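Colleague: To start, I am sharing the structure in question, which I have written as structure tokens.
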Amino acid sequence: MDSAATSPRRSLATRILVGLVLGATAGLLCNLGFAPPPGEPTTPAYDWVVWVADKVMNPLGQVFLRMLFMVVVPLVLSSLILGVASVGDLGRVGRIGARTLLWFVLSTALAVALGLLLVNLFAPGKGLDPDVAVQLRAQFQQAVSEKVEQAQKGTGFSLDTFVNIVPKNVVRAAVDDREVLGVIFFAVMVGIAVTQLARETVAPLLAVLEALYSVCVKILGYAMRLAPYGVFALIFATSAKLGLPLLRTLGTFVAVALTGLLLHLFVVLGLAAKLLVGVPPLRFFSRCRSLAITAFSTSSSNATLPTTIRTATDEFGVPSAIAGFVLPLGATMNMNGTALFEGVSVLFLAQVYGADLSLGQQAFVVVLAVLTAIGTAGVPGGSLPLLAVVLMRFDIPPEYLGLILGVDRLLDMARTMPNVVSDLLCSMWVAKREGAVLKT
Ligand code: ASP
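Per the working numbering, the sequence shown runs over residues 65 to 504.
What follows is the structure, encoded as structure tokens:
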């Protein structure tokens, strides 16, 4: 029964992986074969590749992404309210909430510390040719000003970040990606209120939410059937345009950031799986395949949330009350990879700028990276406006962001994987501490 239930899922995971590998290979081959060398005019063949990437592959990929995004708000609402309501008494909600936040802060701080260690060891910013730095800044000027503008508009990190957790208008919060925390706050309040009211009063609401939750999961199933094609299209569109020459120029930076992200994912989180929840790392990662690939190809913790919930409950037996409580919070607040990337980027750009950050300042980078990662929206490139804010705090001109924008998409895909895997592990750890028996 068990193997019959899991084999179709396995074959879906494999098909998604095939989509990923084929899309990446086709895209990279097109880039290698047709992209003009830096500084030279584009060719008709490369224009054609860009046309296919922008007008065929990207729209196809967007349909898949939107199918996932579409269920996020109803899923967060229904899963969180049901989660809090079924946890039952307030003391238990508080305990689970406290453990969840403890995990978020500790795992994120550990990730930044690892990133900073690597940048200090390899100093990628010291070897960058100053002429190249000037060129890159000029090339991405326009994109940078957009991020800086967003940062100044208050989408960055400030006291308001905390005030805004309480939404003025929950419908408006549901409309804006950057205000998912407001929706979460509302859902937690509803869940708490439900536990305080008579069962007959809230039973109709709970029945509706349960139905809504099942409908969302069903729609997610439809979306995942598109996944192999969606992933192919998204990865093709990115890799066909991924300036490989740019990758070479920023090689050490990209290598340091990727090494940090992979070490955190496979070593730190792998060890945590073994030591804290008793799942051998290989088994853990093999059951996380679809999750990791969805995170990698969508670059979005929010879009991956439905898959994270499904992986936690179906693959590892996390009770749905705990998964429903921990994972929406995690998708919005717990970003290990993002924080690591921020730490690496700030130090790298400081090195290029010629400002060596002292140990005390680096400790402050850790604090800021943890806080800004909490404020980051779980969408592609969600951390960039916040990174601009952190740079300004250290008197590094935010225009320096332009240096890394060209390779950000690759790093965004890579950092979203530890972001969601850490959410998953958190839900497993909390469930275990609450006495649940996990499928190990
Ligand atoms: N794309 C990341 C996520 O959704 C956020 C970021 O680092 O930009 O988890």
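We put the CB at the ideal spot given by N, CA and C, even for glycine.
Bear in mind that the values here come from a model prediction, so they are computed numbers and not experimental data.
Which whole-angstrom value is the C-beta distance of F389 and L154, which I expect to be below 8 Å?
Modeller: Not a contact, Cβ separation roughly 13 Å.
Colleague: Which residue marks the beginning of the alpha helix (DSSP H) containing P392, and which one marks its end?
Modeller: That run of the alpha helix (DSSP H) goes S384 to M397.
Colleague: Mark Y286 as exposed unless 16 or more other C-beta atoms lie within 10 angstroms of its C-beta, in which case mark it buried.
Modeller: Label assigned to Y286: exposed.
Colleague: Starting from K338, trace the alpha helix (DSSP H) both ways and give me its first and last residue.
Modeller: It spans L333 to V341 - the alpha helix (DSSP H) in which K338 sits, taken as one unbroken run.
Colleague: Report yes if the C-beta of D476 is less than 7 Å from at least one heavy atom of ligand 1; otherwise report no.
Modeller: D476 Cβ: within cutoff of ligand 1.
Colleague: State the start and end residues of the unbroken alpha helix (DSSP H) segment that holds M481.
Modeller: M481 -> alpha helix (DSSP H) spans D472 to R497.
Colleague: Check whether the region 74 to 93 touches the region 247 to 262, taking contact to mean three or more Cβ pairs, one atom from each stretch, closer than 8 Å.
Modeller: Because the criterion of three Cβ pairs below 8 Å is not met, the region 74 to 93 and the region 247 to 262 do not touch.
Colleague: Helix, strand or coil for A69? Go by DSSP, reduced to three states.
Modeller: Reliability fails at A69, whose pLDDT of 41 lies under 50, so the model's placement of it is uncertain and no value is given.
Colleague: Please confirm whether any heavy atom of ligand 1 lies closer than 7 Å to the CB of P462.
Modeller: No, Cβ of P462 sits at least 7 Å from all heavy atoms of ligand 1.
Colleague: What does the alpha-carbon distance come out to for the pair P462 and F412?
Modeller: Those two C-alpha atoms are separated by around 13 Å.
Colleague: Could you have a look at N233 and say whether DSSP puts it in helix, strand or coil?
Modeller: Reduced to three states, the DSSP call for N233 is coil.
Colleague: Hey, quick one: how far does the alpha helix (DSSP H) through V148 stretch, first residue to last?
Modeller: Element bounds for V148: V136 to V151.
Colleague: Could you please give the first and the last residue of the uninterrupted alpha helix (DSSP H) stretch that includes R312?
Modeller: Segment L308 to T313, the alpha helix (DSSP H) holding R312.
Colleague: Under a three-way DSSP split, which group does N228 fall into?
Modeller: DSSP places N228 in coil when its eight states are reduced to three.
Colleague: Would you say the beta carbon of S447 is closer than 7 Å to some non-hydrogen atom of ligand 1?
Modeller: Yes, the beta carbon of S447 sits closer than 7 Å to at least one heavy atom of ligand 1.
Colleague: The alpha helix (DSSP H) that contains S278, what's its start and end?
Modeller: Looking at the DSSP string, the run of the alpha helix (DSSP H) that includes S278 is R263 to K305.
Colleague: Alpha carbon to alpha carbon, how far is L423 from L141? Give it in angstroms, no decimals.
Modeller: Whole-angstrom Cα-Cα distance: 42 Å.
Colleague: Less than 7 Å between C-beta atoms, sequence neighbours within five positions excluded: which residues of the same chain meet that for P392?
Modeller: Closer than 7 Å at the Cβ level, and outside the excluded window around P392, lie V140, S143, L144, I248 and L369.
Colleague: Under three-state DSSP, which class holds V410?
Modeller: V410: helix per DSSP, three-state reduction.
Colleague: Using the Cα positions of M288 and D459, report the straight-line distance between them to the nearest angstrom.
Modeller: Taking the straight line joining both Cα atoms gives about 45 Å.
Colleague: State the Cα-Cα distance for the pair V501 and N233, rounded to the nearest angstrom.
Modeller: Answer to the nearest angstrom: the Cα atoms are 39 Å apart.
Colleague: Rounded to whole angstroms, what's the CA-CA distance from L467 to A403? Just pull it up for me.
Modeller: Computed Cα separation, rounded: 18 Å.
Colleague: Between P444 and ligand 1, is the CB less than 7 Å from at least one heavy atom?
Modeller: Yes, the beta carbon of P444 sits closer than 7 Å to at least one heavy atom of ligand 1.
Colleague: Where L86 and F296 are concerned, what is the direct C-alpha to C-alpha distance, given to the nearest angstrom?
Modeller: Straight-line Cα distance between these residues: approximately 7 Å.
Colleague: Helix, strand or coil: which one does DSSP assign to K503?
Modeller: In this structure, K503 counts as coil in the three-state DSSP scheme.
Colleague: C94 by DSSP, collapsed to three states: which one?
Modeller: Of the three classes helix, strand and coil, the one that applies to C94 here is helix, per DSSP.
Colleague: At which residues does the alpha helix (DSSP H) containing Y110 begin and terminate?
Modeller: Per DSSP, Y110 belongs to the alpha helix (DSSP H) from P108 to W115.
Colleague: Quick one, are the C-beta atoms of A359 and M481 less than 8 Å apart?
Modeller: A contact, by the Cβ cut-off of 8 Å.
Colleague: Let me check you understand the geometry: is the CB of N400 closer than 7 Å to at least one non-hydrogen atom of ligand 1?
Modeller: No, the beta carbon of N400 sits no closer than 7 Å to any heavy atom of ligand 1.
Colleague: State the DSSP-derived secondary structure class of P188, mapped to helix, strand or coil.
Modeller: Looking at P188 - three-state DSSP - the assignment turns out to be helix.
Colleague: So what does DSSP say about A207, is it helix, strand or coil?
Modeller: Three-state DSSP puts A207 in a helix.
Colleague: Rank L76, S447 and T375 by C-alpha distance to the C-alpha of V410 and give the top, closest one.
Modeller: The option with the nearest alpha carbon to V410 is S447.
Colleague: Whole angstroms is fine: what's the gap from N95's alpha carbon to N122's?
Modeller: If I take the Cα positions, the gap works out to 16 Å.
Colleague: What is the C-beta distance between G381 and K211, in whole angstroms, given that I count them as a contact (C-beta under 8 Å)?
Modeller: About 41 Å separates the two Cβ atoms, so there is no contact after all.
Colleague: Return the chain-ordered list of same chain residues with a C-beta closer than 7 Å to the C-beta of V494, the five sequence neighbours on each side being excluded.
Modeller: Within the same chain, V494 has close Cβ partners I160, R163, T164, I386 and V390.
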